[in-house]
Amino acid sequence: MKLHVCGTAYEGRVVDLRCQPVDGATVAAAIRGTWPLPAVDAPAAGPVYDYCGHVHPSMGLRTKTALAAAARSRGHETAHDDTIAELRERLADLDRAEPTLPSARESVDDATVAELRESAATARGRLEARETLGAETAEIRAEVRETTRTLAKRETERTAARQSRQQRRDRAREYRDRQARRRRLADRLANRRRDARRDLVDAVAENFVAALEAVPGPPAADRPDDPGDVPPVPAALAVLRLARTDAPVVVATDRFATPTAAADWLSAPVVRC
Amino acid sequence: MLLVVTYTRAARRDLRNVCRAHEETVVRQFGRAALLSATEFGAFQALRLREKHGLDVQLERVRPFEPEDVPDRVREAARAYEARETPSIPYRQFASGRDLPGADQLRGEEL
Chain Z
1 MKLHVCGTAY
11 EGRVVDLRCQ
21 PVDGATVAAA
31 IRGTWPLPAV
41 DAPAAGPVYD
51 YCGHVHPSMG
61 LRTKTALAAA
71 ARSRGHETAH
81 DDTIAELRER
91 LADLDRAEPT
101 LPSARESVDD
111 ATVAELRESA
121 ATARGRLEAR
131 ETLGAETAEI
141 RAEVRETTRT
151 LAKRETERTA
161 ARQSRQQRRD
171 RAREYRDRQA
181 RRRRLADRLA
191 NRRRDARRDL
201 VDAVAENFVA
211 ALEAVPGPPA
221 ADRPDDPGDV
231 PPVPAALAVL
241 RLARTDAPVV
251 VATDRFATPT
261 AAADWLSAPV
271 VRC
Chain S
1 MLLVVTYTRA
11 ARRDLRNVCR
21 AHEETVVRQF
31 GRAALLSATE
41 FGAFQALRLR
51 EKHGLDVQLE
61 RVRPFEPEDV
71 PDRVREAARA
81 YEARETPSIP
91 YRQFASGRDL
101 PGADQLRGEE
111 L
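Protein sequence lines correspond, in order, to chains Z and S.
According to the UniProt record's numbering, the residues represented by the first sequence are 1 to 273, in order.
According to the UniProt record's numbering, the residues represented by the second sequence are 1 to 111, in order.
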């Protein structure tokens, strides 16, 4: 690896930054590529680094998840992998865009339309009566035209409002059906991933216990029955020893006599912070 | 009443929070859905969820439903079918030959 910190260039399998004013979290983020400084030139960090790329006393660790990632880095596969890949693909193919709905138009209420219908009918009746009498009809004719036009307009508006409402409902329903499908797929995917993780953890369980026993430094006062309950620092070191680690591991623990000893034990490049 | 149905985990969580904070407005809560009372406050809470989660929140207005709201023939059909002697007989078969509306006929009728 190559590393530039505060104007100093470091190169090699083991780098000691204890005399530099830079904290381990920053270096670990730079190695993972989520932070620009310090400038690091090293192999890309794998999934294991998300869990234990930075080993320090106040860390937490999801041991089983990390262990599964370590098993994967060693090329372990499970019977669930094909299903997981397929479910992932199907989930990615499901369009998650929310549709735009046509705007909800103000509906014309039935009473207004009924009223207009009635006045149109009344006007027509008056027109007929006047025609029968032979009286002046121009004015009443205009009134008939006017009321009929208003009625037609309101009726059109009402139909449009009804249609836009129906369209809104249809589109929303289609989207929600898709969301429901997505949720079912996501649940199935989560279940298969849990199954896969369990298989992976089982596959490396013995090696993990052996690695735990070999972790240097003070042994835990009383070793928990479940290796998953071991404190984070020894657990992370054991996970890293199991994993294939090409990118440098940031180690901020006094368990090793020298940074080189840490690199040898982990068989990984090491940055001591 | 107002029916609020959620379609994502985040929307479901917020619905649960609304229900917890405003018990007096909640008529009934189910897993990812709830019935809110038909007040402006109930509508306000429903709209807040809708604003935040968009179409992942479905809002419906729900009216009480009583057997009396349904035409007699439908009620009689339901009663007769539930009193059937052969449990496995499908309604379609059960209705034919009796003075009962057919399934397709029922499907075509809006309440």
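Cβ coordinates follow ideal geometry from the N, Cα and C atoms, glycine included.
For clarity, every value in this text was computed on a predicted model and none was experimentally measured.
query	result
Taking the alpha carbon of residue 266 of chain Z as the point to measure from, which residue in Z/3, Z/166, Z/86 and Z/245 has its own alpha carbon closest?	Z/245
Quick check on residue 111 of chain S - is its C-beta less than 8 Å from some C-beta in chain Z?	no
Would you mind giving the Cβ-Cβ distance between residue 33 of chain S and residue 2 of chain S, rounded to the nearest angstrom? I have them listed as a contact below 8 Å.	Not a contact, Cβ separation roughly 11 Å.
Compute the Euclidean distance between the alpha carbons of residue 64 of chain S and residue 35 of chain S, then round it to the nearest angstrom.	12 Å
Quick one: what's residue 11 of chain Z bridged to in DSSP?	Z/2
Taking only the alpha-carbon atoms, compute the straight-line gap between residue 4 of chain Z and residue 256 of chain Z and give it to the nearest angstrom.	24 Å
Hey, is residue 98 of chain Z's beta-carbon within less than 8 Å of any beta-carbon in chain S?	yes
Should the stretch 170 to 190 of chain Z be regarded as contacting the stretch 51 to 68 of chain S, the criterion being three or more beta carbon pairs within less than 8 Å?	yes
Using a Cβ-Cβ cut-off of less than 8 Å, give me the residues of the UniProt region "Disordered" (138 to 181) of chain Z that come near chain S, in sequence order.	172, 175, 176, 179 and 180
Quick one: any contact between the stretch 59 to 78 of chain Z and the stretch 8 to 26 of chain Z, if contact means 3 or more CB pairs under 8 Å?	no
Taking Cβ positions only, does residue 56 of chain S come closer than 8 Å to chain Z?	yes
Could you tell me the boundaries of the alpha helix (DSSP H) in which residue 65 of chain Z lies?	63 to 73
Considering residue 77 of chain Z, what are the terminal residues of the alpha helix (DSSP H) in which it resides?	It is not in any alpha helix (DSSP H) - residue 77 of chain Z carries neither H nor E in the DSSP assignment.
Please classify residue 89 of chain S as buried or exposed, where buried requires at least 16 neighbouring CB atoms within 10 angstroms.	exposed
By alpha-carbon positions, which one of Z/261, Z/259, Z/161 and Z/240 ends up nearest to residue 52 of chain Z?	Z/240
With respect to the alpha helix (DSSP H) encompassing residue 48 of chain Z, which residues constitute its N-terminal and C-terminal limits?	48 to 52
Under 8 Å Cβ-Cβ, which residues of chain Z neighbour residue 7 of chain S?	176, 179, 180 and 183
Pick out the complete alpha helix (DSSP H) segments inside the UniProt domain "DUF7855" (1 to 64) of chain S, 4 residues or longer, and give them in chain order.	9 to 21 and 40 to 53
Can you list, in chain order, the residues of its chain with a C-beta nearer than 7 Å to that of residue 81 of chain S? Leave out the 5 residues immediately preceding and following it.	91 and 94
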